[in-house]
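Okay, so here's the structure we're looking at.
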Amino acid sequence: MKMANDTVVATSTTEPQKYGTTLLIARRGKKRSILLVALNRQKVKNAFNDQQYLDLVSILTEIEKDVTIHAVVLTGMGSYFSSGADLSQTNFGGDEDDDDEDEENEIDREISFTKRGTIDRPAGQFMMTMLSFTKVLCCAVNGHAVGIGVTLLPHCDLVYCTKNSTFWVPFTRIALVPEFASSITFVEAMGLLVANEMLLMGEKIDATKAVSNHLCTRIMEDCNHYCENAFSVDSIGWKACEEIDNKLLSLPSGDKTAKIFVEMIRGKRREHLAAVCKEELLRLDQRIESGEVLEAVLELSIARNK
């Protein structure tokens, strides 16, 4: 969605608008300098498919060029931030409209990373685009987060969550590998032993533990923890926008200060994180080619049907 004058949305627009086919967006802040972006594939609990990756690549690229936007808040519509990657895009099958809430289906969604040459596909493009993003990037985790919905968090400047948010990276259950540089970001944030509880042992953690594990900044106490409309005034997404606006962008030269801080803190690590991310995706492709992922998926499927 290209707009005139290199702006993503007209400055006065605060009502949610569709962006591509998978996102909703709206301006927030006193100067409308924050863009609230909501994942909007509620039938599949905001699972990432190729189109959602591409829509995010497009919106982040446009925001980089838009001199009127200084921060982005990413959240989700419904009770999920994201259920991970979308199984329906793989040759393992799957129904995009399946709304089954069980955990095994959440695991299935991670298989969309199992297409060979992942670094050149939309998933890899999204990772590289997010790593190179130069403006304030905040995630407002509105509910459950799985897979890529968790591993993208360490690449944000701020991460807020609701008290009922959960975080799960079940990669080992289907013979996948750490992704989005989580093999180092988790260890750096949590320490090796705690990181391995999540990555190696597949432990699902709650919001309190996510904060203590340095995966989230804090629980946003003054929001409606069960709000499923990301654009409601009491949603975590809205509250996150207020937080950034009041404590950063409303300061004298706050927009310039924010950009300098982001570059100084995140900029020097981009090249290293991108290299790690590429290595992980190559390892993933190797596991696919070996047949190990398919074997693990079949065994899990048999076990759940007994």
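In the numbering used here, each residue carries its 1-based index in the sequence shown increased by 1. Built from N, CA and C at the ideal position, the CB exists for glycine as well.
Extent of the continuous alpha helix (DSSP H) run through residue i
i: G125; result: 123 to 133
i: L75; result: Unbroken run through L75 is the beta strand (DSSP E), 72 to 77; no alpha helix (DSSP H).
i: K240; result: 237 to 245
i: L295; result: 293 to 305
i: F262; result: 255 to 267
i: T167; result: Note, T167: premise wrong, no alpha helix (DSSP H); beta strand (DSSP E) at 167 to 169.
i: M202; result: No alpha helix (DSSP H) holds M202; DSSP gives it neither H nor E.
i: K210; result: 208 to 213
Segment limits, beta strand (DSSP E) that includes residue i
i: C140; result: 137 to 142
i: L24; result: 24 to 29
i: S83; result: 81 to 83
i: A39; result: 35 to 40
Alpha-carbon to alpha-carbon, residue j and residue i
i: R219; j: H156; result: 16 angstroms
i: I266; j: H273; result: 13 angstroms
i: N92; j: I70; result: With a pLDDT of only 42 at N92, under 50, the local geometry of the prediction cannot be trusted, and the value read off the model is given with reservation. Looking at the two C-alpha atoms, the distance is approximately 39 angstroms.
i: E287; j: V294; result: Here residue 287 is Gln; the residue named in the question, Glu, does not match the sequence. Each residue's Cα considered, the two are about 10 angstroms apart.
i: A141; j: T258; result: 22 angstroms
i: S213; j: I206; result: 10 angstroms
i: V263; j: L201; result: 31 angstroms
i: R271; j: S133; result: 7 angstroms
i: C224; j: D235; result: 5 angstroms
i: G203; j: V170; result: 6 angstroms
i: R284; j: T186; result: 17 angstroms
i: S254; j: T209; result: 34 angstroms
i: A297; j: V178; result: 13 angstroms
Buried or exposed (CB count within 10 angstroms, at least 16 for buried), residue i
i: T167; result: buried
i: Y227; result: exposed
i: L299; result: exposed
i: N306; result: exposed
i: N247; result: exposed
i: L55; result: buried
i: G85; result: buried
i: I303; result: exposed
i: K19; result: exposed
i: K326; result: This structure gives no information on residue 326, because the portion of the chain shown stretches from 2 to 307.
Helix, strand or coil at residue i [DSSP, three-state]
i: G118; result: coil
i: C228; result: coil
i: H273; result: helix
i: H145; result: strand
i: C162; result: strand
i: K19; result: strand
i: P67; result: Going by the sequence as given, residue 67 is Asp instead of Pro. Three-state result, D67: coil.
i: F172; result: helix
i: A182; result: coil
Same chain, Cβ closer than 6 angstroms to residue i, neighbours up to 5 away in sequence not counted
i: Q53; result: T23
i: A231; result: A39, T76, M78, G238
i: G21; result: D56
Chain-order list of residues whose beta-carbon lies under 7 angstroms from that of residue i (same chain, five-residue window excluded)
i: C184; result: The residue asked about is misnamed: residue 184 is Ser in this sequence, not Cys. For S184, where only same-chain residues beyond five positions count, the Cβ hits under 7 angstroms are V277, E281.
i: S251; result: K31
Cβ neighbours of residue i in the same chain (closer than 8 angstroms, five flanking residues each side left out)
i: M131; result: L57, L61, L138, L153, H156
i: D256; result: S34, H71, L250
i: A190; result: P155, A196, N214, H215, L216
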